[in-house]
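Structure, as structure tokens:
Protein chains: 2
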Amino acid sequence: MSKSSVSKLVPRVPGATRRQQYSASTKRALVDVAEELFTENGYASTSLDSIVAGADVTKGALYHHFSGKQALFESVFERVEDDASRAIQDALKGHRDPWEKATAGLRAFLTVVQEARYRRIVIQEGPAVLGYERYREQEERSTFANVLEIVRSVLEAGEWELDEDLQQTFARIFFGAMSSAGESVSSAPDPIVAAANVETAITFILAGFRVLAESGVELPASELPEEV
Amino acid sequence: MSKSSVSKLVPRVPGATRRQQYSASTKRALVDVAEELFTENGYASTSLDSIVAGADVTKGALYHHFSGKQALFESVFERVEDDASRAIQDALKGHRDPWEKATAGLRAFLTVVQEARYRRIVIQEGPAVLGYERYREQEERSTFANVLEIVRSVLEAGEWELDEDLQQTFARIFFGAMSSAGESVSSAPDPIVAAANVETAITFILAGFRVLAESGVELPASELPEEV
DNA sequence: CGAAGTACGTACCCACGGTATGTAGGCGCG
DNA sequence: CGCGCCTACATACCGTGGGTACGTACTTCG
Numbered sequence: 003m004s005k006s007s008v009s010k011l012v013p014r015v016p017g018a019t020r021r022q023q024y025s026a027s028t029k030r031a032l033v034d035v036a037e038e039l040f041t042e043n044g045y046a047s048t049s050l051d052s053i054v055a056g057a058d059v060t061k062g063a064l065y066h067h068f069s070g071k072q073a074l075f076e077s078v079f080e081r082v083e084d085d086a087s088r089a090i091q092d093a094l095k096g097h098r099d100p101w102e103k104a105t106a107g108l109r110a111f112l113t114v115v116q117e118a119r120y121r122r123i124v125i126q127e128g129p130a131v132l133g134y135e136r137y138r139e140q141e142e143r144s145t146f147a148n149v150l151e152i153v154r155s156v157l158e159a160g161e162w163e164l165d166e167d168l169q170q171t172f173a174r175i176f177f178g179a180m181s182s183a184g185e186s187v188s189s190a191p192d193p194i195v196a197a198a199n200v201e202t203a204i205t206f207i208l209a210g211f212r213v214l215a216e217s218g219v220e221l222p223a224s225e226l227p228e229e230v
Numbered sequence: 003m004s005k006s007s008v009s010k011l012v013p014r015v016p017g018a019t020r021r022q023q024y025s026a027s028t029k030r031a032l033v034d035v036a037e038e039l040f041t042e043n044g045y046a047s048t049s050l051d052s053i054v055a056g057a058d059v060t061k062g063a064l065y066h067h068f069s070g071k072q073a074l075f076e077s078v079f080e081r082v083e084d085d086a087s088r089a090i091q092d093a094l095k096g097h098r099d100p101w102e103k104a105t106a107g108l109r110a111f112l113t114v115v116q117e118a119r120y121r122r123i124v125i126q127e128g129p130a131v132l133g134y135e136r137y138r139e140q141e142e143r144s145t146f147a148n149v150l151e152i153v154r155s156v157l158e159a160g161e162w163e164l165d166e167d168l169q170q171t172f173a174r175i176f177f178g179a180m181s182s183a184g185e186s187v188s189s190a191p192d193p194i195v196a197a198a199n200v201e202t203a204i205t206f207i208l209a210g211f212r213v214l215a216e217s218g219v220e221l222p223a224s225e226l227p228e229e230v
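Going line by line, the protein sequences match chains A and B.
If you read the first sequence in my numbering, its first letter stands for residue 3, the second for the next number, and so on.
If you read the second sequence in my numbering, its first letter stands for residue 3, the second for the next number, and so on.
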């Protein structure tokens, strides 16, 4: 548990009064330490005392900035999600072909999901701590949005015209698949090999999409086609 | 919070002494109440006091049967998982065609995952409360095993020979996809429609597999095929 | 330079998980 | 049949930890 984050000096942000700067810096310190401890020990096993001790402040300061433990967690959650989403966004830039875009996004997501903080805070504890509803709201405007974008472009490439709900469903499915896969990747004995396996599998599924697209298969079909 | 489970009489199990029967019945009562409360309020918001009150016993009894709150949760978890796994098993019986089997399993899973207790206890809180490792161990021998079985039969139908790891990877992906989908189905405004959408999407993906199988596409291919 | 409000610090409460110890009543043994 | 033992609980208690009420110093603005 390093105190490196604490020793950061107060940044000189122009246009902000000294009070605001100090305030922002302690708030930031709290979120930094909280992120570290939540990632290491999980939400339940991380006491507020240990957080404020790590940030060299008191509970008074914490409760001045946050309404409680859960709110602090949510701040951490948002930051981790935002970072992840940005990383994926960056990976998507410059790809116009939907299949390439999907592959790039896939790789980016696989990288992100191997970060301990993302797995622990977003995937593992997020739904339980925030409740599924709140979890979903948060996720909807960040990482899930990226997945949705990829899915849309792939579906568009297949020239399937799906209603919004179905697109969301596809995105949900892929998001869940990737989350679960990422979890198993990072806990695998050899994460590199495991990641390669995931990429192979997803690529294969995408190949299925591609073939279907090119043979002009209709969708939706609630039943399996009788014979192809 | 009904007390119906409490009013159950002590069952007469032949070959067991009265003491054992009473013991088993209080243990069962504890698990029953715990399942109910955990499902309703979640793990963290359910106090042991409320559980023992619901089961009409004291903490002494609880700590006689279980080593702690987490162990009690694990008992509940196992029971919910076992029930789910059994339901899916039943649905798989009588199907020999891999694609039909997959569809049947899919439907069964979609039903199971809409049970509040399964979503809350297994999907939402399971990983956070038990930790991912322990969660995985439990799941590996129940619901995940069912998914793996289905995936194997599908892959076999395609005459792809994959190593164990890759099969597991495919199963992981589908399991995650279904979990996530189920979560969104049960929180959708109209779960029936949402479930139909999920089925459409998965069916479509399976159709991709089928086409690939019939055109004899190779696997693994770490990159997307250049052109089909 | 003084009033006002922000950004904390301090002291305390109580809910809750866990433990240590007491005890009643079935069950085997003679 | 009765006696001791051990199981299956009940009771009383403790420590941790989230949350709160209130006090205070410093900063900003007039």
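For glycine and all other residues, C-beta sits at the position ideal for the given N, C-alpha and C.
Just so it is clear, the structure is predicted and the values come from calculations on it, not from any experiment.
Exposure label - Lys29 of chain B; buried when at least 16 CB within 10 Å: Here the question's residue 29 of chain B lines up with position 27 in the second sequence. It is buried - the Cβ of Lys29 of chain B has at least 16 other Cβ atoms within 10 Å.
Segments assigned alpha helix (DSSP H), at least 4 residues, entirely inside the stretch 51 to 121 of chain A: 61 to 67, 71 to 94 and 100 to 114
Opening and closing residue of the alpha helix (DSSP H) in which Gln23 of chain A lies: Residue numbering aside, residue 23 of chain A sits at position 21 when the first sequence is read from its first letter. It spans Arg20 to Asn43 - the alpha helix (DSSP H) in which Gln23 of chain A sits, taken as one unbroken run.
Nearest candidate by alpha-carbon position, reference Arg109 of chain A, set A:Ala209, A:Glu216, A:Ala197 and A:Val124: As a working mapping, residue 109 of chain A is identified with position 107 in the first sequence. If we check each option's Cα against that of Arg109 of chain A, A:Ala197 comes out closest.
C-beta atoms of Ala89 of chain B and Val114 of chain B nearer than 7 Å: By one-based count along the second sequence, residue 89 of chain B stands at place 87. By one-based count along the second sequence, residue 114 of chain B stands at place 112. The answer is yes: Cβ separation under 7 Å.
Buried/exposed call for Tyr45 of chain B, threshold 16 Cβ in 10 Å: In the second sequence, residue 45 of chain B corresponds to position 43, counting from 1. Answer is buried; the Cβ neighbour count reaches 16.
Closer than 7 Å to chain A by CB, Val124 of chain B: On the second sequence, position 122 is the one that residue 124 of chain B refers to. Output row for Val124 of chain B: interface = no.
Chain A residues whose Cβ lies nearer than 9 Å to that of Ser189 of chain B: Position 187 of the second sequence, counting from 1, holds the residue named residue 189 of chain B. The contacting residues are Tyr134, Glu135 and Arg138.
Beta-carbon proximity list for Leu50 of chain B, same chain, < 7 Å, skipping 5 on both sides: Taking the first residue of the second sequence as 1, we reach residue 50 of chain B at position 48. Cβ neighbours of Leu50 of chain B beyond the five flanking positions: Lys61, Leu64 and Lys71.
Pro193 of chain B, enclosing alpha helix (DSSP H) - first and last residue: Reading the second sequence from its first residue, position 191 is the one you call residue 193 of chain B. Segment Pro193 to Glu216, the alpha helix (DSSP H) holding Pro193 of chain B.
Which listed residue (A:Ala203, A:Gly218, A:Asp167 and A:Leu150) has its alpha carbon closest to that of Glu220 of chain B: As a first step, residue 220 of chain B is located in the second sequence; it is residue number 218 there, counting from the start. Comparing Cα-Cα distances from Glu220 of chain B to each of A:Ala203, A:Gly218, A:Asp167 and A:Leu150, the minimum goes to A:Ala203.
Reduced DSSP category for Arg174 of chain B - H, G, I as helix; E, B as strand; rest coil: Position 172 of the second sequence, counted from the start, is the residue given in the question as residue 174 of chain B. Helix, per DSSP.
As assigned by DSSP and simplified to three states, the class of Val219 of chain B: In the second sequence, counting from the first residue as 1, residue 219 of chain B sits at position 217. Reduced to three states, the DSSP call for Val219 of chain B is coil.
Min CB distance Leu164 of chain A to chain B below 7 Å: Along the first sequence, one-based indexing puts residue 164 of chain A at 162. No, because no Cβ of chain B sits closer than 7 Å to the Cβ of Leu164 of chain A.
Proximity test, Thr202 of chain B beta-carbon vs the ligand ADP heavy atom, cut-off 6 Å: Among the components of this structure there are no ligands whatsoever, and the ligand ADP is therefore not found.
Chain A contact for Glu161 of chain B (CB, 7 Å cutoff): As a first step, residue 161 of chain B is located in the second sequence; it is residue number 159 there, counting from the start. Not closer than 7 Å to any Cβ of chain A, the Cβ of Glu161 of chain B fails to qualify, so no.
Alpha-carbon to alpha-carbon, Glu161 of chain B and Gln22 of chain B: Mapped onto the second sequence, residue 22 of chain B falls at position 20. Mapped onto the second sequence, residue 161 of chain B falls at position 159. So the two alpha carbons sit approximately 52 Å from each other.
Alpha carbon of Asn199 of chain A to alpha carbon of Met180 of chain A, nearest angstrom: Your numbering for residue 199 of chain A matches position 197 in the first sequence. Your numbering for residue 180 of chain A matches position 178 in the first sequence. Asn199 of chain A and Met180 of chain A: Cα-Cα distance of roughly 12 Å.
Distance CB(Val149 of chain A)-CB(Phe172 of chain A) smaller than 7 Å: Numbered from its first residue, the first sequence carries residue 149 of chain A at position 147. Numbered from its first residue, the first sequence carries residue 172 of chain A at position 170. Contact: no.
Val124 of chain B vs Val153 of chain B beta-carbon contact at 7 Å: As a working mapping, residue 124 of chain B is identified with position 122 in the second sequence. As a working mapping, residue 153 of chain B is identified with position 151 in the second sequence. No. Outside cutoff.
Residue-level contact to chain A via CB, Arg174 of chain B, 7 Å cutoff: The residue you call residue 174 of chain B lines up with position 172 of the second sequence. By this cut-off, Arg174 of chain B is an interface position.
Rounded Cβ spacing between Leu93 of chain B and Tyr120 of chain B (contact assumed at less than 8 Å): Counting from one through the second sequence, the residue named residue 93 of chain B turns up at place 91. Counting from one through the second sequence, the residue named residue 120 of chain B turns up at place 118. Sequence inspection shows Ala at residue 93 of chain B; the Leu mentioned does not correspond to that position. At roughly 15 Å, the Cβ-Cβ gap does not stay under 8 Å, so Ala93 of chain B and Tyr120 of chain B are not in contact.
Neighbouring residues, chain B, relative to Asp167 of chain A (Cβ below 9 Å): Working through the first sequence from its first residue, we reach residue 167 of chain A at position 165. Simply Ala190, Val195, Ala196 and Asn199.
Listed by chain order, chain A residues near Pro129 of chain B by CB distance under 7 Å: Taking the first residue of the second sequence as position 1, residue 129 of chain B is located at position 127. The answer, in chain order, is Gln126.
Leu32 of chain A vs Ala57 of chain A beta-carbon contact at 7 Å: Here residue 32 of chain A refers to the residue found at position 30 when the first sequence is read from its first residue. Here residue 57 of chain A refers to the residue found at position 55 when the first sequence is read from its first residue. Taking 7 Å as the Cβ cut-off, Leu32 of chain A and Ala57 of chain A qualify as a contacting pair.
CB-CB length for Tyr134 of chain B against Gln170 of chain A, believed under 8 Å: Looking up residue 134 of chain B in the second sequence gives position 132. Looking up residue 170 of chain A in the first sequence gives position 168. 27 Å between Cβ atoms; not a contact.
Neighbour-count burial assignment, Glu38 of chain A, 16 or more Cβ in a 10 Å radius: Locating residue 38 of chain A in the first sequence gives position 36, where the first residue counts as 1. Glu38 of chain A comes out buried.
Neighbouring residues, chain A, relative to Ala183 of chain B (Cβ below 9 Å): Within the second sequence, numbered from 1, the residue matching residue 183 of chain B stands at position 181. The contacting residues are Thr171, Arg174, Ile175 and Gly178.
Backbone CA spacing between Thr41 of chain A and Gln91 of chain A [nearest angstrom]: Within the first sequence, residue 41 of chain A is the residue found at index 39, counting from 1. Within the first sequence, residue 91 of chain A is the residue found at index 89, counting from 1. Straight-line Cα distance between these residues: approximately 24 Å.
Ala104 of chain A beta carbon less than 7 Å from that of Val156 of chain A: Your numbering for residue 156 of chain A matches position 154 in the first sequence. Your numbering for residue 104 of chain A matches position 102 in the first sequence. Taking 7 Å as the Cβ cut-off, Val156 of chain A and Ala104 of chain A qualify as a contacting pair.
Distance between beta carbons of Leu214 of chain A and Gly210 of chain B, contact taken as under 8 Å: Walking along the second sequence from the start, residue 210 of chain B turns up at place 208. Walking along the first sequence from the start, residue 214 of chain A turns up at place 212. Confirmed, about 5 Å.
Run of the alpha helix (DSSP H) containing Ser47 of chain B, from where it starts to where it stops: Position 45 of the second sequence, counting from 1, holds the residue named residue 47 of chain B. Neither: Ser47 of chain B is in no alpha helix (DSSP H) and is coded neither H nor E.
Cβ distance (whole Å) where Ala183 of chain B is taken to contact Arg174 of chain A below 8 Å: Position 181 of the second sequence, counting from 1, holds the residue named residue 183 of chain B. Position 172 of the first sequence, counting from 1, holds the residue named residue 174 of chain A. Yes, they are in contact, since the Cβ atoms of Ala183 of chain B and Arg174 of chain A sit about 6 Å apart, within 8 Å.
Cutoff 7 Å: Ala203 of chain B Cβ touching any chain A Cβ: As a first step, residue 203 of chain B is located in the second sequence; it is residue number 201 there, counting from the start. Closer than 7 Å to some Cβ of chain A, the Cβ of Ala203 of chain B qualifies, so yes.
Glu185 of chain A to Glu80 of chain B span [Cα, whole Å]: Here residue 185 of chain A refers to the residue found at position 183 of the first sequence. Here residue 80 of chain B refers to the residue found at position 78 of the second sequence. Near 21 Å, if we compare the C-alpha coordinates of Glu80 of chain B and Glu185 of chain A.
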